[in-house]
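Colleague:
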Amino acid sequence: MTETTTGATGALLSATALRKTYGATAALDGADFQIRAGEIVAVMGPSGSGKSTLLHCLAGIVPPDEGQVHYQGRELSGLSDAERSALRRGAFGFVFQFGQLVPELSCVENVALPLRLTGVDRKTAEGRAAEWLERLEVADVARKRPGQVSGGQGQRVAIARALVATPRVIFADEPTGALDSLNGERVMELLTAAARDTGAAVVLVTHETRVAAYSDRDVVVRDGKARDVAGMAGVA
Amino acid sequence: MSISHTLLGLLESGPRHGYDLKKAFDERFGHDRSLHYGQVYSTMSRLLKNGLVEVDGVEAGGGPERKRYAITDAGITDVGQWLATPEKPEPYLQSTLYTKIVLALLTGRDAAELLDTQRAEHLRLMRELTRRKTGGDLADQLICDHALFHLEADLRWLELAAARLDKLAKEVSA
Numbered sequence: 001m002t003e004t005t006t007g008a009t010g011a012l013l014s015a016t017a018l019r020k021t022y023g024a025t026a027a028l029d030g031a032d033f034q035i036r037a038g039e040i041v042a043v044m045g046p047s048g049s050g051k052s053t054l055l056h057c058l059a060g061i062v063p064p065d066e067g068q069v070h071y072q073g074r075e076l077s078g079l080s081d082a083e084r085s086a087l088r089r090g091a092f093g094f095v096f097q098f099g100q101l102v103p104e105l106s107c108v109e110n111v112a113l114p115l116r117l118t119g120v121d122r123k124t125a126e127g128r129a130a131e132w133l134e135r136l137e138v139a140d141v142a143r144k145r146p147g148q149v150s151g152g153q154g155q156r157v158a159i160a161r162a163l164v165a166t167p168r169v170i171f172a173d174e175p176t177g178a179l180d181s182l183n184g185e186r187v188m189e190l191l192t193a194a195a196r197d198t199g200a201a202v203v204l205v206t207h208e209t210r211v212a213a214y215s216d217r218d219v220v221v222r223d224g225k226a227r228d229v230a231g232m233a234g235v236a
Numbered sequence: 001m002s003i004s005h006t007l008l009g010l011l012e013s014g015p016r017h018g019y020d021l022k023k024a025f026d027e028r029f030g031h032d033r034s035l036h037y038g039q040v041y042s043t044m045s046r047l048l049k050n051g052l053v054e055v056d057g058v059e060a061g062g063g064p065e066r067k068r069y070a071i072t073d074a075g076i077t078d079v080g081q082w083l084a085t086p087e088k089p090e091p092y093l094q095s096t097l098y099t100k101i102v103l104a105l106l107t108g109r110d111a112a113e114l115l116d117t118q119r120a121e122h123l124r125l126m127r128e129l130t131r132r133k134t135g136g137d138l139a140d141q142l143i144c145d146h147a148l149f150h151l152e153a154d155l156r157w158l159e160l161a162a163a164r165l166d167k168l169a170k171e172v173s174a
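Respectively, the protein sequence lines represent chains Y and P. Using UniProt numbering, read the first sequence as starting at 1 and increasing by one per residue. Using UniProt numbering, read the second sequence as starting at 1 and increasing by one per residue.
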């Protein structure tokens with residue numbers, strides 16, 4: 001898809017004809033994807049269908065073998081490594097199945113990290129981090145280290161970290177995968193409410209339909225091919 | 001749901017007029033569909049006949065809405081028995097969806113498309129219930145969750161059916 005058409009469909013982030021092979025296995029085999037600003041899209045599909053690979057390509061974490069990813073009309077492969085890193089730090093936020101917090105840092109320092117990396121001073125960064133922790137109902141763990149908090153608390157800290165730099169896109173890969181039902185529900189409520197308040201789009205990879213039900217629409221990945229069920233064409 | 005047992009159970013906390021009963025029922029259980037007054041009065045007259053409730057008083061002016069009903073000892077026993085008896089789990093063995101898939105395969109129509117359409121419809125309802133739950137109180141959450149878990153089970157079945165469609169097509173045409 002060209003820059004012009006990317007803009008014309010209103011997509012913030014789009015991928016066209018992505019192919020990615022690991023050894024003899026085609027993880028993606030011609031996958032298309034589009035998401036608009038502020039939209040929450042669930043990426044669903046069975047294990048090994050290629051949904052995490054799609055997320056990694058969309059976020060510029062791994063380059064596709066073929067195909068293109070455009071963010072705000074710019075092709076990711078056309079960016080330098082430094083530009084892609086800057087994009088991941090500033091415009092993108094990440095939440096994974098296991099929080100992947102830095103174990104040596106306190107929770108508030110973990111949340112402040114994306115801001116610190118973009119040059120924000122410590123006091124300001126930790127102040128904003130503390131606000132996000134409070135909003136995600138985990139203000140009390142601010143000074144604890146990730147090893148001292150529960151799975152549900154750690155995941156809320158990870159969401160705070162993903163949102164602190166007010167990204168345009170949040171990539172969430174099985175964000176409730178390691179949580180029990182009640183904690184998973186609450187984490188989804190908090191994640192989607194925060195995304196809607198800040199206008200961030202969310203690419204939500206999940207195999208659970210109850211988690212996908214928090215999205216605006218869903219895309220199904222089967223055998224490396226992505227099918228847009230409701231279709232962005234239908235809503236554009 | 002047994003409306004008569006529910007109304008009877010609501011009377012255990014004290015006598016009520018018919019319309020109070022309807023109000024109490026609607027507030028607690030009438031989330032999607034409230035009771036008609038007619039249902040309340042026909043249920044009460046049946047419970048009266050069976051000795052499970054009695055008329056506790058009648059206000060001047062007459063009419064069924066003026067009657068105040070109280071539960072009897074037999075009524076209390078009846079509620080206790082109903083609560084102690086487990087509900088029969090739905091066997092779910094008569095599936096319209098299964099019938100539709102087989103018919104689609106038999107008539108050469110696109111069964112995968114049928115499954116996808118159904119999947120989208122199920123997820124649409126799940127989104128609606130999730131929104132309602134997110135903005136709702138605990139009662140809303142529990143009621144919506146019950147529906148969501150059932151829809152989720154259907155969706156898991158739809159996934160499995162989609163994965164086995166080729167095999168089923170061979171068996172159907174054999």
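Ideal placement from N, C-alpha and C gives every residue a C-beta, glycine not left out.
Quick one: using the 10 Å Cβ neighbour count with 16 as the cut-off for buried, is L83 (chain P) buried or exposed?
Modeller: Position 83 of the second sequence, counted from the start, is the residue given in the question as residue 83 (chain P). Exposed, by the Cβ-count rule.
Colleague: Check the C-beta distance from D218 (chain Y) over to A42 (chain Y) and give it rounded, since I have them as a contact under 8 Å.
Modeller: Counting from one through the first sequence, the residue named residue 218 (chain Y) turns up at place 218. Counting from one through the first sequence, the residue named residue 42 (chain Y) turns up at place 42. Indeed, because the Cβ distance is near 4 Å, the residues count as touching under 8 Å.
Colleague: Under a Cβ-count criterion, where at least 16 other Cβ atoms within 10 Å of its own Cβ denotes burial, should L13 (chain Y) be classed as buried or exposed?
Modeller: If you number the first sequence from 1, residue 13 (chain Y) lands on position 13. Counting Cβ neighbours within 10 Å, L13 (chain Y) comes out buried, since at least 16 surround it.
Colleague: Measure how close the beta-carbons of Q100 (chain Y) and P175 (chain Y) come, nearest whole angstrom, since I'm counting them as under 8 Å.
Modeller: Numbered from 1 along the first sequence, position 100 holds the residue referred to as residue 100 (chain Y). Numbered from 1 along the first sequence, position 175 holds the residue referred to as residue 175 (chain Y). About 11 Å separates the two Cβ atoms, so there is no contact after all.
Colleague: Using DSSP with H/G/I as helix, E/B as strand and the rest coil, what is G127 (chain Y)?
Modeller: Taking the first residue of the first sequence as position 1, residue 127 (chain Y) is located at position 127. Here G127 (chain Y) sits in helix by DSSP.
Colleague: Give a yes or no on whether the minimum CB-CB distance between D65 (chain Y) and chain P is below 9 Å.
Modeller: Working through the first sequence from its first residue, we reach residue 65 (chain Y) at position 65. False, the Cβ-Cβ gap to chain P never drops below 9 Å.
Colleague: Could you tell me the alpha carbon to alpha carbon distance between R186 (chain Y) and E134 (chain Y), rounded to whole angstroms?
Modeller: Counted from its first residue, the first sequence places residue 186 (chain Y) at position 186. Counted from its first residue, the first sequence places residue 134 (chain Y) at position 134. Cα to Cα, the separation comes out at about 14 Å.
Colleague: In angstroms with no decimal places, state the Cα-to-Cα distance between T2 (chain Y) and R84 (chain Y).
Modeller: Looking up residue 2 (chain Y) in the first sequence gives position 2. Looking up residue 84 (chain Y) in the first sequence gives position 84. Per-residue confidence for T2 (chain Y) stands at a pLDDT of 37, beneath the threshold of 50, marking its modelled position as unreliable; the derived number appears in the next sentence. For T2 (chain Y) and R84 (chain Y), the distance between alpha carbons rounds to 19 Å.
Colleague: With 16 as the cutoff for other CB atoms within 10 Å, does D173 (chain Y) come out buried or exposed?
Modeller: Taking the first residue of the first sequence as position 1, residue 173 (chain Y) is located at position 173. Counting Cβ neighbours within 10 Å, D173 (chain Y) comes out buried, since at least 16 surround it.
Colleague: Can you tell me whether L11 (chain P) is helix, strand or coil according to DSSP?
Modeller: Along the second sequence, read from residue 1 onward, the residue named residue 11 (chain P) stands at position 11. Helix.
Colleague: At a CB-CB cut-off below 7 Å, which residues of chain Y make contact with L123 (chain P)?
Modeller: In the second sequence, residue 123 (chain P) corresponds to position 123, counting from 1. Neighbours of L123 (chain P) on chain Y, chain order: T209, A212, A213 and D218.
Colleague: Does A161 (chain P) get closer than 9 Å to chain Y when you measure Cβ to Cβ?
Modeller: To locate residue 161 (chain P), count along the second sequence from 1; it is residue 161. For A161 (chain P), the nearest beta carbon of chain Y is not closer than 9 Å to its own beta carbon.
Colleague: Given a threshold of 16 other Cβ atoms within 10 Å of its Cβ, counted over all protein chains shown, does S181 (chain Y) qualify as buried or as exposed?
Modeller: Indexing the first sequence from 1 puts residue 181 (chain Y) at position 181. So S181 (chain Y) counts as exposed.
Colleague: Could you say which of Y:T192, Y:V157 and Y:V108 lies nearest to E39 (chain Y) if we only look at CA atoms?
Modeller: As a first step, residue 39 (chain Y) must be located in the first sequence, where it is residue number 39. Of the listed residues, the one whose Cα sits closest to E39 (chain Y) is Y:T192.
Colleague: Please tell me whether M126 (chain P) has its Cβ less than 9 Å away from any Cβ of chain Y.
Modeller: The residue given as residue 126 (chain P) occupies position 126 in the second sequence. Chain Y, which has a Cβ nearer than 9 Å to the Cβ of M126 (chain P), makes this yes.
Colleague: Just the Cα atoms here: how many angstroms apart are G51 (chain P) and L7 (chain P)?
Modeller: Residue mapping note: residue 51 (chain P) aligns to position 51 of the second sequence, counting from 1. Residue mapping note: residue 7 (chain P) aligns to position 7 of the second sequence, counting from 1. The alpha-carbon atoms of G51 (chain P) and L7 (chain P) are separated by roughly 14 Å.
Colleague: Count the other CB atoms, across all protein chains shown, that sit within 10 Å of the CB of G57 (chain P); report buried if there are 16 or more and exposed otherwise.
Modeller: Reading the second sequence from its first residue, position 57 is the one you call residue 57 (chain P). So G57 (chain P) ends up on the exposed side.
Colleague: Measure the CB-CB distance between V108 (chain Y) and R143 (chain Y) and report whether it falls below 9 Å.
Modeller: Translated into the one-based positions of the first sequence, residue 108 (chain Y) becomes position 108. Translated into the one-based positions of the first sequence, residue 143 (chain Y) becomes position 143. Against a cut-off of 9 Å, the Cβ pair of R143 (chain Y) and V108 (chain Y) comes out as a contact.
Colleague: Tell me which same chain residues have a C-beta within less than 6 Å of the C-beta of G50 (chain Y), skipping the five on either side of it?
Modeller: Counted from its first residue, the first sequence places residue 50 (chain Y) at position 50. A27, L28, V221 and G224, listed in sequence order.
Colleague: Using DSSP with H/G/I as helix, E/B as strand and the rest coil, what is H36 (chain P)?
Modeller: Here residue 36 (chain P) is taken as the residue at index 36 of the second sequence, counted from 1. H36 (chain P) falls in the coil class under three-state DSSP.
Colleague: Contact check, V40 (chain P) vs G18 (chain P) under 8 Å by CB: the rounded distance?
Modeller: For the purposes of this step, residue 40 (chain P) is identified with residue 40 of the second sequence, where counting begins at 1. For the purposes of this step, residue 18 (chain P) is identified with residue 18 of the second sequence, where counting begins at 1. The beta-carbon separation of V40 (chain P) and G18 (chain P), rounded to 5 Å, stays under the 8 Å limit for a contact.
Colleague: Return the CA-CA distance between L168 (chain P) and W157 (chain P), expressed in angstroms with no decimal places.
Modeller: What you label residue 168 (chain P) is simply residue 168 of the second sequence in a count that begins at 1. What you label residue 157 (chain P) is simply residue 157 of the second sequence in a count that begins at 1. Between the C-alpha atoms of L168 (chain P) and W157 (chain P) there is a straight-line separation of about 14 Å.
Colleague: Can you tell me the Cα-Cα spacing of D216 (chain Y) and E131 (chain Y), whole angstroms?
Modeller: Indexing the first sequence from 1 puts residue 216 (chain Y) at position 216. Indexing the first sequence from 1 puts residue 131 (chain Y) at position 131. Cα to Cα, D216 (chain Y) sits roughly 27 Å from E131 (chain Y).
Colleague: Would you give the residue range spanned by the beta strand (DSSP E) that E66 (chain Y) belongs to?
Modeller: Residue mapping note: residue 66 (chain Y) aligns to position 66 of the first sequence, counting from 1. Start and end: E66 to Y71.
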